[in-house]
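I have placed the structure first, in the form of structure tokens, so that the comments after it can refer back to it.
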Amino acid sequence: MHAPQPSFSERRIPSRKGTLLYIGLATSFLTLSGLCGRMETQIEIDTKSYLESPTSSLALMLQDFRTPGYPLFLDLMESLGSLDWVPWIHGTIWLAAVGCLLATMSLWGIDRYSLLAVAIALGNHPFLHFWSRVVISDTLAMSTALMSTAAMMESLRRRQSGWTGGWLWTVACLTFATILIRPAFLFLLVLWPLVIAWWRWTNDREPLRGAIRDASKLAAICWSPLLLYSLMRWMVVGHFGLVSFGGYNVIGIAGQFMEEKDLKSIPTELQETAKEILVQRDRHPTFLRNDDDRFSLMLDRYNPLIWEVTSPIYEKKQLSRLNINQQLTTLSRVLIRLHWRDYLWWLAFNGRHGIRGTAMQVGANPGIRLLLMLGIVMIAWRSLPTSLTHRCSPEDASSEFRYQPSSTGLRLLFWLSLGMLLGNVMLVILVEPAIERYMAVSSVLPSAWLAVAIQRFLVDISPS
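Residues -16 to 447 in my numbering are what the sequence shown lists, from first letter to last.
And the structure:
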């Protein structure tokens, strides 16, 4: 007889052999990537703002439109002698985060072949083979977000034998670190309590009141660091919030709706600036052409409106970034209120664009393509007769194509994937276009879940 399997909450960390095997494979992968020239530092437009972000003064650091997480990381890299280390550190942290996720999935009872499929998918994700080379915050932030996801899964696993406050605080600290590196992950502060409430109510059969109580506890722990940080910014620079940048983003959308008749509805102190923005906007080349559909034109006009029209106007005023952001936020709110139907239209089309972009990135993942090709080969092989005179009878074939229901851990991974996808898309579309770079976040966990689904299908059709 087989020994009884321990419950999820009684399982301990994976074997040392498996851990050493993963470390060896990850090290070999990074070394091979370096030899193939895939670890060369790449500079993008946004890199300059991270490198120039002040970190020597607390007041200047908190007033800047970049959160301090990634600039401090770059300071550390420069102290090591060169930014050439950035891709290697990005890649190492990414693979460590994937290892944390695999370890947690293993503790949920997910089999080793499913874990291999996840490793193939995430080991070939653009965050590793492309974005890790670029000196921007994306890969580092997604890595800490993956670690936060792993900590969330572990806290839910241990909830079966009682809450462990240490894991909840681990989730909170990793989430806050992620947000300090890249504020676009603010949706995690809403996602994690929702996951707790939904999972406790639907899977653990906890009464709704108890599920909400657990979610409230996590929400209080997760929001505490952000509230303390925002209070510190209010005391130092006079602004309560994570960062002073939202106005820059949303004016790229709301500014496209502005019409001359709107000027009388804009606050008096902003009317002159709004009129100047309107005049300069209508003279810009991207606003002189109408050779594409409306949504594509809005995508093309977004960055020019911010950085080539609005920003130069405010540079002449010599205001602080804090004041500029406050004025742009006020102006954008007025314009959205006046053109709320246009804004709803933008949300709908931008959301569709984001979902479509996520699906395309998942499908373009080399690891997913490899697994799909294996599936096609397996199906083709199974369709061949076993001899010149014999095929499997329909009854035998149907018995071998059996459905294997997902384990509890895979159901949790599915809900986390769906939450990450929707949370990221819903936050992005509010203030900026859902471009490929931003939708890469939405494709990580869905790629992992889809890889497991394909692997399980391959198991079903493989010969017994």
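Positions of the beta carbon are idealized from the N, C-alpha and C atoms, including for glycine. Since the model is a prediction, treat every value here as computed from it, not as a measurement.
Secondary structure of Q263 (DSSP, three-state): helix. By a beta-carbon distance limit of 8 Å, T24 contacts D67. Their separation comes to about 5 Å.
Collapsing the DSSP output to three states places Q310 in a helix. In the DSSP assignment, I289 falls outside any alpha helix (DSSP H), carrying neither H nor E.
About 5 Å separates the CB atoms of V219 and L45; that is less than 8 Å, so the two are in contact. Of the candidates C205, H222, H108, V292, the residue whose Cα lies closest to the Cα of I236 is V292.
In this structure T38 touches L55 by the C-beta definition: roughly 6 Å separates them, less than 8 Å.
The continuous alpha helix (DSSP H) containing M136 extends over residues 121 to 141. Looking at A104, L13, H108, L41, the one whose alpha-carbon comes closest to that of I72 is L13. Separation of the CB atoms of T127 and L428 is rounded to 14 Å, and the pair is thereby denied contact status at 8 Å.
Counting along the chain, C83 sits inside the alpha helix (DSSP H) bounded by residues 69 to 90. When the beta-carbon positions are compared, P176 and S199 come within less than 9 Å of each other. Between the alpha carbons of T161 and L305 lies a gap of roughly 23 Å. Straight across, the Cα-Cα distance linking R352 with I359 is about 10 Å. Between the beta-carbon of R216 and that of H112 there is about 36 Å, and that puts the pair past the 8 Å contact cut. Contact between the segment 337 to 352 and the segment 413 to 422 is present: three or more C-beta pairs spanning the two stretches fall below 8 Å. Collapsing the DSSP output to three states places Q25 in a strand. Proximity to G229 across L354, L413, A331 peaks at L413, based on C-alpha coordinates. The alpha-carbon separation between Y53 and L172 amounts to approximately 20 Å. Note that the segment 316 to 330 touches the segment 242 to 255; at least 3 beta-carbon pairs, one per stretch, sit closer than 8 Å. The beta carbon of K258 sits closer than 7 Å to those of L246, all from its chain and outside the five residues before and after it, given in chain order. Taking C-alpha positions only, Q438 is separated from A100 by approximately 6 Å.
Residue burial annotation: C19 is exposed, with fewer than 16 other C-beta atoms found within 10 angstroms of its C-beta. Secondary structure of V118 (DSSP, three-state): coil.
Apart from sequence neighbours up to five positions away, the residues of its chain that approach F240 with a beta-carbon distance below 6 Å are L318, H322, D325, ordered along the chain.
Here C19 carries a coil assignment [DSSP, helix/strand/coil]. Only exposed fits M356, as fewer than 16 other CB atoms lie within 10 angstroms of its CB. If you check the CB distance, T87 and R140 come in under 9 Å. R183 places its beta carbon less than 9 Å from that of D197. Cβ contact annotation for G402 (same chain, cutoff 8 Å, sequence separation greater than five): L174, L177, V178, in chain order.
Inter-residue distance for S16 and I164 is about 25 Å (C-alpha atoms, whole angstroms). Taking 9 Å as the cut-off, the beta carbon of Q254 is found no closer than this to the beta carbon of I296.
Here the alpha carbons of I307 and L43 stand approximately 15 Å from one another.
E252 carries a helical assignment under DSSP once its states are collapsed to helix, strand and coil. Scanning C83, I103, L201, S11 for the CA closest to the CA of G149 turns up L201.
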